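Notes to accompany the following structure.
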Amino acid sequence: MSDPYEKLAELGLKVPEVVPPVAAYVPAVRSGNHVYVSGQLPMADGKLLATGKVGAEITAEQAKELAARCALNGLAALEWLVGLDKVVRIVKVVGFVASAPGFSGQPGVINGASELFGAVFGESGKHARSAVGVGELPLNAPVEVELIAEVRD
Numbered sequence: 000m001s002d003p004y005e006k007l008a009e010l011g012l013k014v015p016e017v018v019p020p021v022a023a024y025v026p027a028v029r030s031g032n033h034v035y036v037s038g039q040l041p042m043a044d045g046k047l048l049a050t051g052k053v054g055a056e057i058t059a060e061q062a063k064e065l066a067a068r069c070a071l072n073g074l075a076a077l078e079w080l081v082g083l084d085k086v087v088r089i090v091k092v093v094g095f096v097a098s099a100p101g102f103s104g105q106p107g108v109i110n111g112a113s114e115l116f117g118a119v120f121g122e123s124g125k126h127a128r129s130a131v132g133v134g135e136l137p138l139n140a141p142v143e144v145e146l147i148a149e150v151r152d
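Using numbering that gives the first Met the number 0, the first residue of the sequence shown is number 0, and each one after it goes up by one.
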């Protein structure tokens with residue numbers, strides 16, 4: 000597997016500071032060789048980048064970019080707990096999309112997260128996934144992404 004830090008640099012990205020939890024939980028927990036990353040919102044510098052429903056206030060294209068930011072924040076949680084160099088593979092991604100009535104493009108939105116994991120980890124970034132439409136998300140966020148990663152000691 001290639002170096003995830005180098006891949007991020009090639010993409011013009013860097014690992015941000017871990018997003019502080021907005022409620023009573025921690026950003027990530029390790030159990031054995033797996034890290035469970037809490038749902039990540041599209042936050043940067045302590046602020047939500049957008050609010051509203053996808054298919055109404057937020058376009059699918061904007062939401063896809065926001066899902067990529069959620070994934071980047073998930074990488075920050077992994078870095079905080081174990082370091083990206085310990086990631087063996089991304090195992091599972093679950094994406095939630097606050098959807099306007101009639102919006103059914105959730106898979107395309109969550110591709111923003113999936114594509115980022117693939118770009119950073121290559122074959123090891125391919126994962127099982129769910130993309131779920133919901134009525135509301137915390138802080139009126141349009142997307143939220145959580146993940147499970149396999150890690151080495």
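The beta-carbon is built from N, C-alpha and C at its ideal position, and this holds for glycine as well. Quantities reported herein were computed from a predicted structural model and do not represent experimental measurements.
DSSP three-state assignment for residue i, whether helix, strand or coil
i	result
E149	strand
A118	helix
S113	helix
G94	strand
S155	There is simply no residue 155 to check, as the chain begins at 0 and stops at 152 in what is shown.
Cα-Cα separation, residue i to residue j
i	j	result
E167	A97	Not covered by the structure: residue 167. The range shown for the chain is 0 to 152.
L83	L77	6 Å
D67	A23	Looking at the sequence provided, one finds Ala at residue 67 rather than Asp. Roughly 24 Å separates the two Cα atoms.
I57	R29	34 Å
S1	G121	8 Å
Y4	L74	11 Å
I109	G31	27 Å
V34	G124	14 Å
P15	G101	34 Å
Cβ-Cβ separation, residue j to residue i (assumed contact under 8 Å), whole Å
i	j	result
L115	V36	Their Cβ separation, rounded to whole angstroms, is 13 Å, which puts L115 and V36 out of contact at 8 Å.
V142	A27	Not a contact, Cβ separation roughly 19 Å.
A127	A70	About 15 Å separates the two Cβ atoms, so there is no contact after all.
Residue i CB to nearest heavy atom of the ligand MN below 7 Å
i	result
R68	As far as ligands go, the structure on display features none, and thus does not contain the ligand MN.
Contiguous alpha helix (DSSP H) assignments of at least 4 residues, all confined to the segment 27–85 = 59–80
Could you tell me which uninterrupted alpha helix (DSSP H) segments, each at least 4 residues in length, are contained entirely in the segment 0–30, listed from first to last along the chain?
-> 3–9
Are at least three pairs of beta-carbons, each pair with one atom in the segment 123–133 and one in the segment 102–114, less than 8 Å apart?
-> Because the criterion of three Cβ pairs below 8 Å is met, the segment 123–133 and the segment 102–114 touch.
The segment 109–124 / the segment 86–97 touching (three or more Cβ pairs under 8 Å) | Yes, they touch.
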